[in-house]
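Asks: Can you keep this structure in mind? I'll have questions shortly.
Numbering (the working numbering), first residue to last: 989 to 1550.
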């Protein structure tokens, strides 16, 4: 008898199956929404707050409408239609999701609310439909009493949501692309509809089910496989942290993370700097007298780590939190671990806490325009980084922001935070004007100031394998105003608010002009630049300044390119 009771407890009726699946599908679609919305609107707390709010609102309205109709209209057949309509809408998402997403960016809303129309249009209707299931199932429940029936339905729906959250997060996202994840939830909804009408399956049910199945299959098989507007897609995947694409366009291979260009490699010359900002990674070699060990926090396409390991007699460690980024770098960007290049699948802060090594240079290359790990921005982190630097060590932060204007808040807050820990801070905008761009913030533990003229003199004197004259001329002598921005701390780091003014603004990512870059193989070919022309922020009169001292250090002689 006891065994029979346990068996009955796990045997679900058709309405109970419907409630469970609606929980799985609604939570899975919510996580999928974050992946679809992020490339266009970022994945800030405003985006996720909007996703959660829209889903709750749509479900609530579905509960309300379904509850008013349940007494008269609740049947298994009507619930089956709800699931068929949900599956059909998901097929439409696969077909037209990207087009609808781009079309919904034109609404004149404040930047923090910019994602609301897209989320509502793409995910409001199917979530609203799924809201009908619970009140219908409660009406059809065999439980005695309204309280027991509703409580049972709530429990099953919540259990389904838990299963949907874990399955999507730990199984679907790591293994499938967005279209196939959507197809899974569409197919699950279709199968649930079939279960609900069995065994009373008639011709109309067969036609409707077959049509929706055809829509799903056609949707997931549509499109020009392997191509995007940027070029030929060599590889793409959903990682635990972001959408990753490797795209070839001509001789350039580019790594896209959540739809944004992150790193690039010249297929004919893998060690060449394609993006201009990566040339600035070499600036610290002019600010310190010796570099033996370097840490990069953030790998991406490993442009900097590869170049340092290839050109200098140094050991390079890289802390990269995303294992899929590491795998893509090894497979598609000519990255090989060696005694000079060590890769660790760790978050930057975790790695610095656990290591007992000290470094001459730490490069923070883990910031993006729309997503910045706040734990890598705070005063506490900067103090941890300082403790892992030698006495003459240098911290280099690749900050994406504007040098002035409303979109400069994150840059100015980060500058203010770094200045609390390091006695000397320099900044080098990489593009002209007040546009959103890469701003290289360099901090030293040495309090003595190095002038622009002295940097130019050291650039002429030291053999570091690359001419940084143009980069040095972008040196900003004066610190940015910081009275209106906070010091970022672990207990208060409003990074999302500081990034918010950049939403919707063009990010100027310039390609490198390699005419001044030398190596043992000769001068590189001149490449055209993209974006705006570099601005020489520093006055030419500073070149006449006479340095007080003449540095004698020369970094390890550049070795021939591989």
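Beta carbons are placed, not taken as given, at the ideal position from N, Cα and C, and that holds for glycine.
For clarity, every value in this text was computed on a predicted model and none was experimentally measured.
Considering only residues of the segment 1334-1364, which uninterrupted alpha helix (DSSP H) runs meet the minimum length of 4 residues and lie entirely inside it, listed in chain order?
Replies: Here the runs fully enclosed are 1336-1342.
Asks: Mark residue 978 as exposed unless 16 or more other C-beta atoms lie within 10 angstroms of its C-beta, in which case mark it buried.
Replies: With the chain running from 989 to 1550 in the structure shown, residue 978 is simply not present.
Asks: Mapping the DSSP letters down to three states, classify residue 1381 as helix, strand or coil.
Replies: The count along the chain shown starts at 1 and reaches residue 1381 at position 393. Residue state, collapsed to three classes: strand.
Asks: Please state whether the Cβ-Cβ distance between residue 1100 and residue 1472 is less than 7 Å.
Replies: Residue mapping note: residue 1100 aligns to position 112 of the chain shown, counting from 1. Residue mapping note: residue 1472 aligns to position 484 of the chain shown, counting from 1. Their beta carbons are not under 7 Å apart, which means residue 1100 does not touch residue 1472 by this criterion.
Asks: Give the DSSP-derived three-state secondary structure of residue 1230 in the structure shown.
Replies: Taking the first residue of the chain shown as position 1, residue 1230 is located at position 242. Three-state DSSP puts residue 1230 in coil, outside helix and strand.
Asks: Do residue 1279 and residue 1349 have their C-beta atoms within less than 7 Å of each other?
Replies: As a first step, residue 1279 must be located in the chain shown, where it is residue number 291. As a first step, residue 1349 must be located in the chain shown, where it is residue number 361. A contact, by the Cβ cut-off of 7 Å.
Asks: Excluding five sequence neighbours on each side, which residues of the same chain lie with their C-beta closer than 7 Å to the C-beta of residue 1522?
Replies: Sequence index remark: in the chain shown, residue 1522 carries index 534 (1-based). Note on residue 1522: pLDDT 37, under 50, position unreliable in the model; the coordinate value appears next. Within the same chain, residue 1522 has close Cβ partners 1419, 1420, 1458 and 1462.
Asks: Below 8 Å, can you find three or more Cβ-Cβ pairs linking the segment 1245-1258 to the segment 1320-1329?
Replies: Yes, they touch.
Asks: Ignoring anything shorter than 4 residues, give me the alpha helix (DSSP H) runs that lie fully in the segment 1385-1462, in order along the chain.
Replies: Qualifying alpha helix (DSSP H) stretches, in chain order: 1397-1409, 1440-1449 and 1457-1460.
Asks: Hey, quick one: how far does the alpha helix (DSSP H) through residue 1484 stretch, first residue to last?
Replies: Counted from its first residue, the chain shown places residue 1484 at position 496. Residues 1483-1487.
Asks: Is residue 1243 closer than 7 Å to residue 1289 when the C-beta atoms are compared?
Replies: Indexing the chain shown from 1 puts residue 1289 at position 301. Indexing the chain shown from 1 puts residue 1243 at position 255. Cβ distance < 7 Å, so residue 1289 and residue 1243 count as in contact.
Asks: Buried or exposed for residue 1344, going by 16 or more other Cβ atoms inside 10 Å?
Replies: Here residue 1344 refers to the residue found at position 356 of the chain shown. By the 10 Å Cβ count, residue 1344 comes out exposed.
Asks: Could you have a look at residue 1532 and say whether DSSP puts it in helix, strand or coil?
Replies: Locating residue 1532 in the chain shown gives position 544, counting from the first residue. Caution is warranted here: a pLDDT of 34 is assigned to residue 1532, below 50, making its placement in the model unreliable, and the coordinate value is therefore given only provisionally. If DSSP states are grouped into helix, strand and coil, residue 1532 belongs with the helices.
Asks: Once the 5 residues before and after residue 1355 are set aside, which same chain residues still bring their CB inside 7 Å of it?
Replies: As a first step, residue 1355 is located in the chain shown; it is residue number 367 there, counting from the start. 1386, 1387 and 1388, listed in sequence order.
Asks: Quick check: what's the CA-CA separation for residue 1054 versus residue 1145?
Replies: Taking the first residue of the chain shown as position 1, residue 1054 is located at position 66. Taking the first residue of the chain shown as position 1, residue 1145 is located at position 157. Each residue's Cα considered, the two are about 15 Å apart.
Asks: Does residue 1466 come out as helix, strand or coil in the three-state DSSP assignment?
Replies: Within the chain shown, residue 1466 is the residue found at index 478, counting from 1. Of the three classes helix, strand and coil, the one that applies to residue 1466 here is coil, per DSSP.
Asks: Taking one C-beta from the segment 1270-1277 and one from the segment 1304-1313 each time, how about it: are there three or more such pairs within less than 8 Å?
Replies: Too few Cβ pairs lie closer than 8 Å, so no.
Asks: According to the Cβ coordinates, are residue 1414 and residue 1430 closer than 7 Å?
Replies: On the chain shown, residue 1414 is found 426 positions in, with the first residue counted as 1. On the chain shown, residue 1430 is found 442 positions in, with the first residue counted as 1. In this structure, residue 1430 lies closer than 7 Å to residue 1414 by Cβ.
Asks: Where does the unbroken beta strand (DSSP E) through residue 1253 begin, and where does it stop?
Replies: The residue labelled residue 1253 in the question sits at position 265 within the chain shown. Start and end: 1248-1254.
Asks: Beta-carbon within less than 8 Å of residue 1102's beta-carbon, same chain only, minus the 5 sequence neighbours each way: which residues are those?
Replies: Taking the chain shown and counting its residues from 1, one reaches residue 1102 at position 114. These residues qualify, in order along the chain: 1029, 1093, 1095, 1491 and 1492.
Asks: Which value, in whole angstroms, describes the spacing of the CA atoms of residue 1405 and residue 1241?
Replies: Along the chain shown, one-based indexing puts residue 1405 at 417. Along the chain shown, one-based indexing puts residue 1241 at 253. Cα to Cα, residue 1405 sits roughly 35 Å from residue 1241.
Asks: Is it buried or exposed, residue 1446, if we count other Cβ atoms within 10 angstroms and call 16 or more buried?
Replies: Translated into positions along the chain shown, residue 1446 becomes position 458. By the 10 Å Cβ count, residue 1446 comes out buried.
Asks: Who are the near neighbours of residue 1203 in its chain, counting only those whose CB is closer than 7 Å to its CB and skipping five residues on each side?
Replies: Numbered from its first residue, the chain shown carries residue 1203 at position 215. 1076 and 1079, listed in sequence order.
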